Every structure is written in structure tokens, then in C-alpha cells.
Amino acid sequence: MRYLPLSPTEREDMLTRMGLAEIDDLFADAADKLLKAPLDLPRHKSELEVERALGALAAKNLAAGAVPFFLGAGAYKHHVPASVDHLIQRSEFLTSYTPYQPEISQGTLQVLFEFQTQVARLTGMDVANASMYDGSTAAAEAVLMAHRVTRRRNALLSGGLHPHYAETARTLSEMANDDIRILPPDPLAQEDLIAQLDDSLSCVVVQSPDVYGHLRDLRPLADACRAKGVLLVAVVTEILSLGLIESPGAQGADIVVAEGQSIGNGLNFGGPYLGLFATREKYVRQMPGRLCGQTLDSQGRRGFVLTLSTREQHIRREKATSNICTNSGLCALAFSIHLSLLGEKGLRELALVNHANAVALAEAIETIPGVKLLNQSFFNEFCVELPGPAAEFVERAAARNLLAGVPASRLSPRAGLDNLLLVASSELNTDADRATLVAALREEAAR
Amino acid sequence: MRYLPLSPTEREDMLTRMGLAEIDDLFADAADKLLKAPLDLPRHKSELEVERALGALAAKNLAAGAVPFFLGAGAYKHHVPASVDHLIQRSEFLTSYTPYQPEISQGTLQVLFEFQTQVARLTGMDVANASMYDGSTAAAEAVLMAHRVTRRRNALLSGGLHPHYAETARTLSEMANDDIRILPPDPLAQEDLIAQLDDSLSCVVVQSPDVYGHLRDLRPLADACRAKGVLLVAVVTEILSLGLIESPGAQGADIVVAEGQSIGNGLNFGGPYLGLFATREKYVRQMPGRLCGQTLDSQGRRGFVLTLSTREQHIRREKATSNICTNSGLCALAFSIHLSLLGEKGLRELALVNHANAVALAEAIETIPGVKLLNQSFFNEFCVELPGPAAEFVERAAARNLLAGVPASRLSPRAGLDNLLLVASSELNTDADRATLVAALREEAAR
Amino acid sequence: HETGLIFEHGREDFSGVDIDPPQDFKPRLGGLERQSPLGLPGLSEPECLRHYVRLSKQNYAIDTGLYPLGSCTMKHNPRLNEKMARLPGFADIHPLQPLSTVRGALELMADLSHWLVTLTGTEAVALTPKAGAHGEMCGMMAIKAAIAARGEAATRKIVLAPESAHGTNPATAASLGFTVRSIPAGENGLVHPETVAAALGPDVAAIMLTNPNTCGLFERDIVEIARLVHEAGAYFYCDGANFNAIVGKVRPGDLGVDAMHINLHKTFSTPHGGGGPGAGPVVLSSRLAPFAPIPFLRRDGDKLTLVEDKEDTQSFGRMAAFHGQMGMFVRALSYILSHGGDGLAMASENAVLSANYLRVCLKDVMSSPFAERLCMHEVLFDDAWMKDSGVTVLDFAKAMIDEGIHPMTVYFPLVVHGAMLIEPTESESAAFLDMFVATLRDLAFSVKNGEVERFTGAPYYAPRTRLDETTAARKPVLTYKAPVGGREPKEA
Amino acid sequence: HETGLIFEHGREDFSGVDIDPPQDFKPRLGGLERQSPLGLPGLSEPECLRHYVRLSKQNYAIDTGLYPLGSCTMKHNPRLNEKMARLPGFADIHPLQPLSTVRGALELMADLSHWLVTLTGTEAVALTPKAGAHGEMCGMMAIKAAIAARGEAATRKIVLAPESAHGTNPATAASLGFTVRSIPAGENGLVHPETVAAALGPDVAAIMLTNPNTCGLFERDIVEIARLVHEAGAYFYCDGANFNAIVGKVRPGDLGVDAMHINLHKTFSTPHGGGGPGAGPVVLSSRLAPFAPIPFLRRDGDKLTLVEDKEDTQSFGRMAAFHGQMGMFVRALSYILSHGGDGLAMASENAVLSANYLRVCLKDVMSSPFAERLCMHEVLFDDAWMKDSGVTVLDFAKAMIDEGIHPMTVYFPLVVHGAMLIEPTESESAAFLDMFVATLRDLAFSVKNGEVERFTGAPYYAPRTRLDETTAARKPVLTYKAPVGGREPKEA
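Sequence lines, in order, name chains A, B, C and D. For the first sequence, counting from 1, position 319 maps to 372 in this note's numbering; every step adds exactly one. For the second sequence, counting from 1, position 409 maps to 462 in this note's numbering; every step adds exactly one. For the third sequence, counting from 1, position 341 maps to 1102 in this note's numbering; every step adds exactly one. For the fourth sequence, counting from 1, position 365 maps to 1126 in this note's numbering; every step adds exactly one.
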């Protein structure tokens, strides 16, 4: 086996040195449950065979880059510079562990420190952690953190929050016997959150741009929350939007969680993704997740270490702030590299191109009779009402190699949103892509 | 521009520091020929635009891996482990220069030393150089070296030598006013080289497996050469064959040149490839190309340096052994890594699989009436006579997504070989691939 | 030259990405245009490459040397896996594409599930958990749901966990509202059935055991313990962090396990990436399978569908957006297919063989409560042999850095004083194992000879000498702030 | 721990590639089965990765730091180029596939040709040469063929080359049977028209000039020199190694150049790869174009064909198998398209700007015959300022290694005593340029202060201290031989 360096002779020699006769003698403690015969599983395969087997599976999927593509709803396809993927495959990044020995992990640690700073600046907050699993679990953790900070156990979730995020938070809350209230889907951004605030709430969770693409002005809500001692948790599923839109921090959020996938990371059918988590300085010790901090070495040189681990499970055990012990290190690295290439200038410009392309698409769609754009405001994604079920339209389009969007019913199956379609546009869409989608919608409306 | 770190402000600052007003002041010496207006060329493109432009060109080519593929004739497709391409893209290998400062180039140098040893052992020779451009130019250099060693200027080239190699040597010889005699194409391996030896010859150049796939027994020829003071230059275009076939060194060759592409390197439409060059110890100072040698550092530790550079152009100038000052470093690295993964065991097995697949294909072809296999012996490639022009058959097959082989007329356009087809088989050919080719040949024979 | 921070050498008006900003168009941002500055520096591509390449050189990695972190399983990460995960058919598909356009993705998930279920001897697998701890959460949620379905939600609120457990176990149980009852291990490092029996009762929901345990030992009485747990109406959660010791040799299902997460990054070599991403699928017994989280695969004849709607199922709900760590599934399956059933068993054997080899080669110079016992894939030493030497376990670990070897896991598990937990994995050659032995023996003799400075000042030859972790935690500096009153230093 | 040779830790009975050997079949090897052993060790994949990763760590690279080797042009190598070159449509096509299946490849070659011809202001380009020196060979062969076509083969046998020329120039001319006549440069580092005029005659075939020249200066009188050369019936070969200084600013064709090779790895950033592969296309004036080597592209309306047959052409013949360094063409075109006409000109400007910046910042501490003159993309210093310091240029270079910077080119060009030729390229940021200046100034003061040991023992902090090159050349050890009478050492 190409991955196993010990040759049969070496195995024999080592067993002999231990005074053992055969390899199964090593498993003496498990003797009565040791498998007597090999399991009914295929034998090892050469690289070529594995490439062929997995290549055949991959070929059964329709890759986004191969066709006009308009899906978003929490996962976005953007162009990632070639150097990003090259760098994250450096052995020293790819095959290192959590930086428990900081003296020989400064590479990972400095990247995390830079990442935390980037995330804090982008979200307009004081501090950020070293990343979490993804946006949805980060949002659920934000609710738990709000409980800890406020010592209340009651959360209110906006109807504009990505339904998967809401469900994830609900599962965790229900299991932990906390209260949670999720408002009904709000495709027209009409809900009045301020009216529903009360001082039993630990937090309100609101997303902007919301899952239907509407931009939400958080400032009035933030003021109202502050008045009631309620934390405002702002969720961002398309982090690129913050290149163009005022940061949640500047709008008054207390905790910002986001899905960071769309910078530096691919679609990957939904994972691995990158949870971003930022908050105010004063809450840092209630924050979940790994943190990297600056310090000095014994020669007085600047260096970085994992810190505040007294919050974490490996020290605190059942008293930990969360059970999480992994971050999304490599995805955070990709994010940080891509963002350091973009810089402020590039991020603004990329966001602008996305918005411009979405506006162009929206303008074209608005000319189609029978199809209605629901949004007044949006960044690079909006919601369209079709004359019939969106899921069926999407299927028909896919059969013709057009990936047209996400039916709202895919996310909220029983909510009466059958005719709504979420459409995202990015720098990747060409004029021809747009024309293809518009033609398909026009045809659909005429059915 | 993403590749140019100096910002407009920094450019200004630097100019100011030099007391210059504008950038063109730097080109004062060229003032009268300085372009007054930009050339009529496109402006810079984003990564995405470049990917689309080049991707569109790439998509117009039929990739070998996408179809049943049977081409060889000096360029071979084999499976290369993923780790090879990963390693050659390590920054420290990819973006370093010729190791002129050995103290900070031991990585490249040790690899070259290992490479030289691998090549020497594979070819059965004492020493090898650190690689050359490709097999064809290495062969031409071998002729020049033979002239230097023997102080004769007359070479005899076998009709089984790859025609491109023969032409390359001829161009150089004619330009240098040396004599060269190229025997006519010899698709049946019938030429009698021994009969044509005389003591005016510096060398005989013979290829095995020859371009038509025949294995040539070099031993009698080597004896005859030795008797006449003629050097025997052995050429190998499919280096994998040496896993299974006796090495040219063991058969008595004085110089072995080979194309090393087929280990570790892809097809790349013909380049960059990897010239291998090996010879006997006594000729080392007449050898062209870069050499790496072992030595000690001032603390007595083993280390490696470029050596015997007194042969080379940057020291010897017009008295150099050749004008070459580049090797094929990265291709040599890929070769060395792939070969170090294979090892003796893997190389033999891979060669065996290639031979077995070629035998299976030959046996199937032999059952087709009207199609004739010309070879008694072969490694993984052989020559087939068709009832009509091979080039036309190949075109028809390509139109049906079968890359069936190389028409001998492509290499030797005016030699009356129109009906001959060179067919190579490798570990990559499946039973289905073979069946496709056999069916196409059967159909061709029945036309 | 030190590598400064991007905030010290990047420039906010510079971008390493060329973008043509759009011409005239009417924005529709609803008055929420960004007003606040971003403060994000941009690097040209050459600066960017050099920045990260230089940073990377300050990292240790499995590709650069032996990385014997016990319980972390730093094994070889095949590059084939990376190549496969980047096939556009896997890397470039959206989680919400119509299922008709992702048939291959669903098949891949089904194939991986088949391998995991077969190797563990269980009924089903929940693929969504995003890491080991998330998998624990998933398994314990399934248990909680099953207990609720039995109407015992109010009564069964205790979870048993041995003292040697990973910290995630009690953290997980507590975060789901369980109360953790700790069970002591016996002197032989194993959990005893009598101890478990004594702790069991009608208030117990589950036991969380790691097997092989964190002392590197196979829990000999695990079948009996499982019987007792089941008899008491509780469930058996197995922490699968150490599954890599027994893959293809022992099936956890045969031991009575009801739920177990599998760290794909540990057992099936998806890379650790400096701390993630992980993936923690959870295998479930038939008793727990109905409660698995959405989404899950359902096979109707030849056709696979993904159940994303909780209604009409007993699922306890959704744990995360989308369908799990697809990128890790591809890598894990690539690893699994490469090894095959035969290679996976051999990998376990070699991991155990290598750990025992180290045990035998080191036991005369280092001490261990279990030195004479066979261990599994990791070998545990304590600091009894260093007593009064003036050298701590931490010092010893730091001195290993100077020898060019990453330290083992130290001070874990907690049940042994001054624990040093060594896991060589199956990826090390005989030559590297021997080099490791020679190095540790040399260091051990050095301790015994009283060469204290070799340890207390270590590491001497690392990119940094010992870092002040106390100050870091006391006055946390978690983001970069430009020095006040002056230009930021321009370091190269 | 040192990294041993593969021959010291590999095993011949082990393979890191899994192959199922074929079952029964009848070999047809004609009795030539290998009898002699190969002696090739195999490494498992983990050992292989670690071996090469560890070796790589002993290399300096442009990605790890400034690499100011004059005349070598170590500029940034964009990773996009690597990605493009690996597209299966380029990387996985066979050179002898039917042309109908490689239309895109031919288009790419035509596109690259268009750029090269336009940027140089010439008529045609021969793509096949495999490196710069091969390109020189190509250009000089075209000249020889053109002279032969004029019936002057027997009389024009002299090639003029300045003393400052790259060694390849005289080597190339000599290998084609020309006699090299050396021309001295003037004190201002430039070739003077009078000197050339004096050397010209009916026996002269060509002049080989480098422009900008190897002192980093633009040959001011080049148009006049070209005129003289042409008037004398000879050809003007320009060594294009330094074309990167003037791309988009000056067209060599406008200067009177008849042939010039372009090092794609220097000017258009295909990576150097530790010494290759290169690529050296040669642009040709209309006088030489007909003699270009086969194969070459011919456009018939919309259709491109590849002329591979010399018959019916004036081509001087074939220089190598197949059609040139396609992999390098893709990279170069990727670089060219990324920059565009505007970016290429700016790259030249920045390269020249950076070199002059170094000149201005260093001229007060180091000496140069041309310190006050504008230089092009590289700046030349000599060792006059180090005289009697006890420090040689080589020592100085080795001390730079200890400062973490790759030395500049030393002892070249030969026309200056103790030459130090510095080429920063356009890829260095202002911060790195300043760091370089500060380092060199510090070293220069150290020389002046008589701190001789800092230099004579250098490098102190490299993977190796100074290596004994003399013994290496006197008793060459070019391949590994196992130590006699004993087992090979097993180093890890």
C-alpha cells in the first residue's frame, strides 16, 4: 500500500522485537470481538482507479461554472484567484494541526490574528474569533452567547433569517430547553421586530441582506434593543455585501455572525464553509470558539498564541462556553488570503460589480410581464414571484443547462412560498448568462 | 495591476528622489526610439478574463485523457501520481533559479544528484548530467560529444531513429559543417548497421525500442563499434521501457540519450520535455550540460554543488562543450519524484503492465484481416500496416473521438510509408479502449 | 527578516485583484451604503505570495516531520484526495441545485455512508456534523430525542463520563442540559463494569465512553459495560476519536455502541489545515437511527433523494445549513477507496504496531503506569521518571522542538500525572520511528544527567522562543491596532 | 535532522505506486528482458512527500525573498499561469494528434506570436527554441542560412561580439563554425560605432549584441551600429536576455535588429524551476523570416496549419522534436494577457525605476563606473570600494545570505572588476527595496569598518556553510555510491 511505509519484513522485525508472533496479538484486549474474516468491502485501488471511480461520480453533477448560474441563498460562487488555492495547499498550512505549540506554529497563528482583525474591521466590531464551522452554527452559538451575557433564555428570530439558520438555532435551543421564537417567512420585509421586543428576550437575530435579498436598516432596531437590554445579533450570509453596505457594527449590532464562504472558498455542495463571529470587546470572555492573541516571546519578540482557552471545553469541560474544539482553519486562511489580495479597494469594487450585475438583471426581469420583483433594495440577490411553482421552473431550466436560482420552497417547504424564486447574480455572470435567464423567465411567464 | 507592487504614489516618490520628472526620463538613452503611443495591443485583463480567454482555446483541443488514446512516437501519456505535481509546485522548487549559490540551494542540488544517480542506474551508465532540453537535442549533443571524444566528424544514424531526432542532428551537423549520414526509414528493422561501420565514424546512433517499436539488440553492434573505435550512442524515447528491457549500458553503449518525459511529465503538446544524457566515467569532461557533484562544506558536512563548469559556456565561452546553459530542472524534478515513488519494483510492474496491454492489443489486431503487425518484438508500441493511408484513418477516427495512433508519414512525409500506423498502448488503456480501436481498424480494413 | 502583518505592509488604496468597476448604473441599496471605512490593506500578488509563503515556513507540519500528537492523529494526507476534492463536479456545485443535477454527489454520500456503516457495524449514519464535537452533539441529541420519544425526558438527565474523557464529552452533555456524573477509571487505566453498574440508574440517559480510551488502551470490558447500560435503559455513546486504531479490526456496533462520531480528519486523513475544517459523521444503531438529523439520504429503488423536511419524520431536526462537509466526504472516500478494506485494516495494525514499538523502545527510560500492557495506537507515559529533575513535561516538550520533532500531547489525559501521549500513526517509516526513539532516549538521558538548561530555556532554535501565554490571556490583544502617534512600521 | 538521499532510506522492494501486475501473457521482448539490476529505491508516499518538502526547505526562492540576480530576472511567477498550463486542453494533448484536434493549441501559438512580433516590431517568430541559448542558435542558424542563400557561406565566417557578452554568444557562434572576433566596450560601458566599423568587413557574418547590455546600459548608438552592420552586408543578432527592460517602450525592430531571442522565463515569467525548463522564441526580420526552422505556423484564411515538412520551403531545418515548449507558451501568454499592452510597459518602467532607485540609494557606499548614469533594469557595481578590505566580492555575496537575501550576480559581466550586478525586477515592493538598501548599506559599512569575519566565514546561518567547489571539480562524485563494506546509513 502506497500510503503505508512499513514493509512486511519491517512489520515482522518489529513484532519479533516485542516478542509477539503475529499482528493480531496486538489486539489481545479485543480478542473476542476481533473480526475473524475481512469485511465484505473492496480491496485497495490504485490512484488511477480511484480517479476513475470518483471522476465518474463527479461527472454526474452539473458544475456551476459550466452553465449560466444564479444560485445564492447562503452559498455564493465568486472568482477566487489562483494564488489562494495554491497557498492553502502549502504543506505547512495544509498538514499542520491546531497551533498548540506556538513556537513552531507562528504561521498559522499570525494568519489567525490577521484574520480576526480583518473580520472585526469588516463587520465593524471590536473582536472576532478564529472562525467557526459555518454561518448557521455560528448563529446558533450567538444565541447561546446572548443567553450567557444577558442571563435570559429567550430568543426572537426574524422571518428574514435564512430558514436553515433558524432551524439550526431552534434544534439547539429546544435540546437545551431554551425558548426560541421564529417569526414566519417574511418575503416582503414587512415584519415589525421592534414591536415584538420585550425584556425577557436575550437577543433578536436579524439578517441583512435577508434571505430574500432585502437590505434591512438595523439602526432603529439596535436603538430599541439597547433600550430593553436585548442584544442585537446581526447575520450576514453574503459577506461580500459588506464591501458596499454599512457594517452591522456601525449600525449597532452587538454580535455579528456571518458565512464567510463567499470570499476565498468554493461552493463545495455546502461544506466546508466558514463561520465568522465578531462582537464587542466587553463580551469577549463569553465568546465561543478559538481565539488568537498577541504576546511576546522570552526574547521580547512579538508572537502569537491561542488564548482565553479557559473558556474552552478542553480546559473547562462541562463549564465551557461551547463544545466546539475545531475551527475552520483552512477556510479562514483562504478567506484571509483572498481578502488581503482584494484589500479595501478591491472589495469595494468587487461588491460594486456584483451589485451592478444584479441591478442589470433586476431591470431586465422587471420588463417581463407576469414576473414580479419583490425587492425595493438588494445587494446581489433578490426575490422574484413567478406565475407558477418556482421549483418546477428551476427543474425545467436545469434540464436545459441553466441553473436559474433557488425556489423559496426548497428552504421553507410548507410556507406557501411556492412561486417565489431567489436569484443571485455575481461578477461571473455575463450578458449572455443574463439573457439566457431572462429568456427562460419570459418563456415561463408565457406558459 | 495585480502583479506590480509599486503604487502610482510610490513611483512618483521614487522618481522625485532621483530628481526625475517623469517615468520616460529613465529611458533617455533610448529617447529617439521610444514609442510615442501605446502599441495596438489589448489592455490588461483580470484573472477571470484570462481564464475565460485561455479556457476557450483549451476547449478547442481534444484532450488525450478524454478519449481512447494510442499515440506515442516519442511522447507518452502515463498516469502521474498527484503528489508529483503537488511537489513540483512548491515555491522553493518552482521559483528558484539555477543553484549558483549552493549554500541556499541544497534542495535543488540534492535532487539533481539523486536524479543523476537514477538516470545512470536506469541507463546502465556511470554518470549522467542534470538533464537537457529534450531527447532530440540530447541526441544531437551526443553526436557532437562523440566528435570531441573521437576527434572524428562523421556520424551514422540508424533508420530506426525517430525522424525528428535525425533531423535535429542533421541541422546541427550541417550548420557546423560536420558529416552526417541518416539511413532510410527502416520499419522492418532490417538495416545492417555493422556492415556500414568504418573507422571514419565518430559514432553510430541507434534507437531501441526504435521508432517503429522494434527492440534492437545492441550487443553485436557495440562489439563491432568498439573494434573500429566508433562510439555507440543509444537513444531511448520511451524511458519506461528500461524497466523491462536490458539497459543500453549493459548492452555496451558509450553514450545513452533518452527522452524522460514519460516518467513524471505530461504530454504538453510536445514540450517542455526532459533530455536524459548518460555516459561512461572516462568521457565525463566531454559531456555537455550541467553537472551536480558531491562535496563537503567548511564544517565537514556533505553538500552538493554544480561542478565541472569549466566545460560550460559561461566560463569557457567559445571553447565550451556546448552552448547550453539551461537544463530542464523542473521536469527532472518531476521525473525524479515519480521514479522515487515507483522504485525498482514499481517501475518493473508499470513497464510490465504496459507491455501486457500492448501484447493484448497486438494479439487483437493480428486477428483483423487486411491489417498487418510489422513487429516481432516491441515494448508498448508497434507498427501496423493498413490497407490504405494511415493519416486518413487517423482523421476519421479522431472525428469519432478516437485518437488511434501516429501515421508514420507524419514523421517521414515523403518516404512511402503512407499506410503505416504507429500504435502505443499503456496502463491507461482499458479493455473498452482497445475494443474501440480494434473495431475501428476492422471497419477500416473492410472499407 | 521578520514578516510583518498585512496591516503593516499592505495599502488600502491598492488591490491585488484587477477589477473593472462598473460604469453608470442606479444602485438599489436602500440608503445603506457603507459610510464607515474598512481599513483593509491590499497586497499585490507578489507581496501576497511572499507573505504567506514566509509565514508558512514558521509552521511545523506532518509533511516536514514526525508529529506524534496523541489523540490528534497526524497521519499522511494524500495529495490525491486534494485533487479529487477539486474536481469541478464536487467543488463547484451549489448545495441547493436541483437534485437532478447532483446525482453524483448524492451517490458519493451514499457510498461513504455504506463504508462507514459497514466498518462500524451500525445501522445508519448522519453525515451533517461539521466536526467531532459537533458529531458528539448530534449523537447526544439523537439520544435525547429517543429518550423523549420514550416519555422519559423528564427523568433521565444524567450522563456518565469517565475522568479520562475528552473535554468535549462533558461540554457536549452539559450544553444539552444533561448533568455529567464522572466515573473514575481503575488503576489499570480501564473503566470497570462494577463502577458503571454503581453509577447507573433510572436517571441515567447515557454513558459517553472513548474506545480505545485516552490512555491508549482498549476497554476490555466494553461489551459487559454496554450490556449493563442497555439493561438500565440508557444509551451508549462512544467517542470515536480513536476509531483509527481498530478500523477493519473491530466493529463498534459489535461492542454495543448506539452512537459514535467519526473524525474524518483523524481516521480518514482529511487534512487538519492548522485546526480545521473537520467533519464528524455519526453512526447510529437501529435504536437511534430514526432520530437522525435532517437532511438525510433516502433510497427509493435506484434513486437517491435527500430528505430536507423534518415533517413526517422522527428526526430531531437540523444541525447546520445544507448537507455537511462535502469537501471532506470526497477526501475521506478517496482515502477509503485507496486503502480498500484490506488497507484500512493494515493501517490500523501498523498504527498499533508503531505505538507498541515506541512503548517497548522507551519504557526503560521513561515511566508509564501501563508500560507492560499492550497499548493501541498511542502510548502514554507519565512524569514520574522526571521527578525532582527540575525539568517539567512542558520543558521536555519544548526541548523536542529543538530536536526538530513536534512534541507529543502533554498533560492529557488528566488521569495520569504529567501525561505524555504519543501517537506515531501508521504513516511513519521504520527509519523515522528509530530516529524518534533515539531522540527521546537522548533527551531522557539528558534529563537524568541534570542538563536542565537544555529544557528550561527551550526551544532555542524555533522561530520563537517560549511565548508568554499568561500575559496574552490577562490582557488580550486579539486584533491589530496601529501604533498610536506615528506611521505604521513598514517591515518587509 | 539531515535529509538523507533516497538511496539511503528507500527500499528497492517497496513501491509508493500501487500496481496490479498483469496475469499470464506472452511477452514479446525478443530476448532483451532486463537482466541487470536497477538499484532504484522506492519510497512510500508519506516518505516521498516528506523527503522533497524537506529538501525544498533548503532552497531560496523568489516566493521566499528578494532574488536580485542580475541578468537572470527573478520576477514574480503568477500562479494563474500554472493553473492555465494545467488545463487538460493544453497539458494533455499529444504533439502528433491530428491538427483538427488541436486547433486551440495552434491558435494559442498564433496569439503568442502576434504579441511577440508586435512588441518587437519584427516580421516573424520561430517558436521552437527550447531556451535562450537554443534561441541564439536558431537566430544564428537563420543568419548562416541567409548568408548561404546569398552564396557567401565560404567568405563570411566572422561574428563580432563585445567582451561583455553572455558566454552563450561566443559559444553559439563557435558551435556553428563561426570565428568570434571580440569588440571592446568604451569606458562608458557602451559599444562605440567606430569600434564596430573598424571590425566590420566582407568576412563578417553578423554582430551579436545584447541590448540593454550586460552592464545594464542601453546601447545609445545601436541604431547607428545596426546601420553600419547592414551596410557591411552583415546581420544584427540581438541577445534578448534583457528585453524585459524595454517591452512596450522600445521595439528592437525599430533599432535594426534582424534576430533576437526572447527568454520567456525572464521576460514573461514562466518559472525558472531551479534551472529550467526555459523557452527561447526568436523574432526575425523580414530578411531572415524565410529561413525560420520547421515547424512553423501558416495561416490560410481562417485556418492555421503547422508546416512540418522542410521541402518546398527555405527553412534551415528542424531544431528539436515536435513544436516547442507549449507549456511555457501557455504560461507566457497568460502573463501577457494579464498585463496587457499597458501592464507590460508599466512592468518595464517599474523594473527600470527600481534598479535606478537602488543605484541612487547605494552609490555613495558602493562604487560603480557608471554610478551617475541612468541604468536600465539592472545596476552594476564593482569592487573598487572594497579594495584592501580583506573582503572579496564572493565573501560579500555570502554575507548577504546571512541577511536572508539572495546575492546578486557576481563576477559578471567580465568587463568590470569584481562585478556585482543587481536586478530587482518590477516585482519588488517599496518596502522590500528599502529593506534591501538598508541591508546592503549595513554590510557596506561593515566592510569599511574592517569586520572581516562577518564576510570571510559567511554564510554562517545557511543550511550549509561554504562548500568546497574545488574538490568537487577535481575529484567529481556525480552519482551516489553505497559505502563499501557495510550497510547503507539509514538517515531519516
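Beta carbons are placed, not taken as given, at the ideal position from N, Cα and C, and that holds for glycine. Quantities reported herein were computed from a predicted structural model and do not represent experimental measurements.
Based on Cα-Cα distance, which residue from the options lies nearest to residue i?
i                          : options                         : result
proline 945 of chain C     : C:Ile767, C:Ala1243, C:Pro954   : C:Pro954
asparagine 207 of chain B  : B:Leu214, B:Ala229, B:Tyr56     : B:Ala229
isoleucine 1055 of chain D : B:His217, B:Leu197, B:Pro152    : B:His217
isoleucine 247 of chain A  : A:Ser158, A:Arg279, A:Val137    : A:Arg279
alanine 579 of chain B     : D:Ile1007, D:Tyr1221, D:Glu1214 : Nothing about residue 579 of chain B can be reported from this structure: the residues present for chain B run from 54 to 500 only.
On the CB-based measure, 16 or more other CB atoms within 10 Å of its CB, does residue i come out buried or exposed?
i                         : result
tyrosine 828 of chain C   : buried
serine 1178 of chain D    : The sequence given here places histidine at residue 1178 of chain D; serine does not occur at that position. Exposed is the call here.
aspartate 1019 of chain C : buried
alanine 1253 of chain D   : Reliability of the predicted coordinates at alanine 1253 of chain D is poor, the pLDDT of 39 falling under 50, and the value obtained from them is presented with this limitation in mind. With 16 or more other Cβ atoms within 10 Å, it is buried.
lysine 1236 of chain D    : exposed
arginine 1248 of chain D  : Residue confidence for arginine 1248 of chain D is low, a pLDDT of 45 falling below 50, so the modelled location carries little weight; the figure read from the coordinates is stated next. Per the 10 Å Cβ criterion, exposed.
leucine 1175 of chain D   : exposed
aspartate 781 of chain C  : exposed
glutamate 334 of chain B  : exposed
isoleucine 368 of chain B : exposed
histidine 875 of chain D  : exposed
proline 973 of chain C    : buried
Could you tell me the distance, in whole angstroms, from the CA atom of residue i to the CA atom of residue j?
i                            : j                         : result
methionine 178 of chain B    : glutamate 312 of chain B  : 16 Å
valine 965 of chain D        : valine 920 of chain D     : 6 Å
phenylalanine 322 of chain B : threonine 1200 of chain D : 45 Å
lysine 89 of chain A         : serine 149 of chain A     : 36 Å
glutamate 843 of chain C     : leucine 147 of chain A    : 10 Å
valine 952 of chain D        : alanine 866 of chain D    : 41 Å
leucine 961 of chain D       : serine 375 of chain B     : 27 Å
Contact check, residue i vs residue j under 8 Å by CB: the rounded distance?
i                         : j                             : result
histidine 1022 of chain D : glycine 1009 of chain D       : With a Cβ gap of about 18 Å, histidine 1022 of chain D and glycine 1009 of chain D do not count as contacting.
valine 258 of chain A     : valine 289 of chain A         : The Cβ separation is near 12 Å, so there is no contact.
lysine 1184 of chain D    : histidine 1138 of chain D     : According to the sequence provided, residue 1184 of chain D is glutamate. The question's lysine does not apply to it. With a Cβ gap of about 6 Å, glutamate 1184 of chain D and histidine 1138 of chain D count as contacting.
glycine 396 of chain A    : phenylalanine 1090 of chain C : In fact, because the Cβ distance is near 34 Å, the residues do not count as touching under 8 Å.
leucine 271 of chain A    : glutamine 304 of chain A      : 4 Å
Comparing the CB of residue i with every heavy atom of the ligand ADP, is any distance shorter than 8 Å?
i                       : result
alanine 1158 of chain D : Inclusion of the ligand ADP in the displayed structure is not the case, the ligand content being empty and no account of it being possible.
Legend entry - Touching by the beta-carbon criterion (3+ pairs, under 8 Å), the segment 1157-1171 of chain C and the segment 93-103 of chain A: no
Legend entry - Segment contact flag, the segment 449-458 of chain A with the segment 113-132 of chain A, C-beta cutoff 8 Å, min 3 pairs: yes
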